[in-house]
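Numbering-wise (full-length UniProt numbering), the sequence shown opens with residue 1 and increments by one.
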Amino acid sequence: MNRKTEKNFGPTKGQLLGDSWFIKVREDYHAFYLQAPPSEIPGERRSRRKTIGHAISKDLTNWNELPVALGPSKDDD
Numbered sequence: 001m002n003r004k005t006e007k008n009f010g011p012t013k014g015q016l017l018g019d020s021w022f023i024k025v026r027e028d029y030h031a032f033y034l035q036a037p038p039s040e041i042p043g044e045r046r047s048r049r050k051t052i053g054h055a056i057s058k059d060l061t062n063w064n065e066l067p068v069a070l071g072p073s074k075d076d077d
């Protein structure tokens, strides 16, 4: 279930990209990256809305973005 395919992978429009990690599993490269939507409220902490994104590539150029790999719980624990 790919949401988008993009060359030269970058954050989804409106997302801020933080740290990223790459691993290779068989023929696929997996990118995991810290992301958060921009704040519309000055001074608001985005930490509660940060997620770990996930994308896959076979050539490190063409990327398929997958659903969020890890995000905050809905219970705000």
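Just so it is clear, CB atoms sit at the ideal spot from N, CA and C, and this is done for glycine as well.
>> Let me confirm a value: residue 69 is counted as buried when at least 16 other C-beta atoms fall within 10 Å, else exposed. Which label applies?
In response: exposed
> When you compare only the Cα positions, how much space is there between residue 61 and residue 50?
Replying inline: 25 Å
>> Since residue 72 and residue 48 should fall inside the 8 Å C-beta cutoff, what is the C-beta to C-beta distance between them, to a whole number of angstroms?
In response: 6 Å
>> If I measure Cβ to Cβ from residue 3 and keep anything under 6 Å in the same chain, skipping five residues before and after, which residues do I get?
In response: Confidence at residue 3 is low in this model, with a pLDDT of 48, below 50, so its placement is unreliable and the value that follows should be read with caution. Result list for residue 3: 65, in chain order.
> Excluding sequence positions up to five away, which residues of its chain have a Cβ less than 6 Å from the Cβ of residue 26?
Replying inline: none
> Excluding the five sequence neighbours on either side, which residues of its own chain have a C-beta within less than 7 Å of the C-beta of residue 59, listed in chain order?
Replying inline: none
>> In the DSSP assignment, the beta strand (DSSP E) including residue 67 goes from what residue to what residue?
In response: 62-70
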